[in-house]
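J.:
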Amino acid sequence: MKGNSSLITGIILVGGKSRRMGTDKAFLKIEGISLFERVLQVMEENFTSVLLIGNCRERYFRYNLPVIPDQYSGSALGGLYTGLKSSSTELVFVAPCDMPFPSSQLIRLICSMSDGFDVVVPRTRNGLEPLFAVYRKTCLEPMRRFLEKGHYRIYDFYSEVAVRYLEEEEMAWAVDEGRSLINLNTPRELITLKEKELCL
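Position 14 of the sequence shown, counted from 1, bears residue number 14 in full-length UniProt numbering, the numbering being contiguous throughout.
1. Does the Cβ of D70 have 16 or more other Cβ atoms within 10 Å, making it buried, or fewer, making it exposed?
2. Just tell me which of M113, L181 and E129 has its CA closest to the CA of A162.
3. By the three-class DSSP mapping on this structure, what secondary structure does P100 have?
4. Taking Cβ to Cβ, would you say A95 is nearer than 8 Å to I182?
5. Keeping to the same chain, check which residues put their C-beta closer than 8 Å to that of F27; ignore five residues upstream and five downstream.
6. I need the boundaries of the beta strand (DSSP E) containing V39, first residue and last residue.
7. When you compare each of D98, E90 and I8 to D24 by their alpha carbons, which one comes out closest?
8. For the pair the stretch 49 to 58 and the stretch 115 to 133, tell me if three or more CB-CB distances fall below 8 Å.
9. Checking the sheet assignment: what are the DSSP bridge partners for R164?
10. With a threshold of 8 Å between beta carbons, is S6 in contact with chain D?
11. Could you give the C-beta distance for L91 and M143, rounded to a whole number, given that I count them as a contact under 8 Å?
12. Would you report the Cα separation of T124 and N55, rounded to the nearest angstrom?
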C-alpha cells in the first residue's frame, strides 16, 4: 500500500485501563515481542504517519511517535474521535494495542475499500470489528454528538454515515483463520493463546 501510505494515518489506541487483564496488556509478550510492538510494526509497514492516542504514558515516549491525550477520556470512541481529529489526513486506520497477530494483508484490503465510504469495517460471525477499521473525517460531527450525549459504543453512529461492511467471505484470505482479528482482554485468554501457539 505504499502509494496510499501518505493518504491515511495509522492510529493506535493506547488508552485502555486493562482492568480485566490486571496489568498493562500492551506490553505483554508473545514469543518475546510485546502486543504493542506487534501492532506498531504492521502500522509502520503500511502508513507514513502513526499516532498513539491515549492519556500520555511515559513508556510510549521512547518510540518517538506523537502521543496524544484523549479529548473524551474513558472510551474507545473518544480515542477514535481524538485520533481522527488530530490526523492531517482525511482517512485514518485505527487499531487497538492488544492484537497479537495483526495482518498487513487485512489492513491493505480494508483501506482499498475506502473510496466513497465514511467507514470500512470488518464484519464476522462474531460481530463488527470497529477498532480495526478505516474512518473518514466526515465521521467527526456524528461522533462528537454521540460523545456529548454519553453514548460511547462506536458503531452506534454508523447509521448517520456511509459504511462499507467487509464481510467474512471477502476477507477470508487475509485473516489467517481468524488470528488476525484476535485481541486479548483476560489472563485466561493469554494463556489459551500461548497454549494454542505451542501446538501449531
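Backbone N, C-alpha and C define an ideal beta-carbon position, used for all residues, glycine too. This structure is a prediction, so every number in the text was calculated from the model and none was measured.
T.: Once the coordinates are examined:
1. The residue in question, D70, is buried, as its Cβ has 16 or more Cβ neighbours within 10 Å.
2. M113
3. coil
4. no
5. S34, L35, F36 and R59
6. Where V39 is concerned, there is no enclosing beta strand (DSSP E), although the alpha helix (DSSP H) it sits in stretches over L35 to N46.
7. Out of D98, E90 and I8, the CA that lies nearest to the CA of D24 is found in D98.
8. no
9. Per DSSP, V120.
10. The structure shown contains no chain D; it is built from a single protein chain.
11. Not a contact, Cβ separation roughly 15 Å.
12. In this structure, the CA atom of T124 is about 31 Å from the CA atom of N55.
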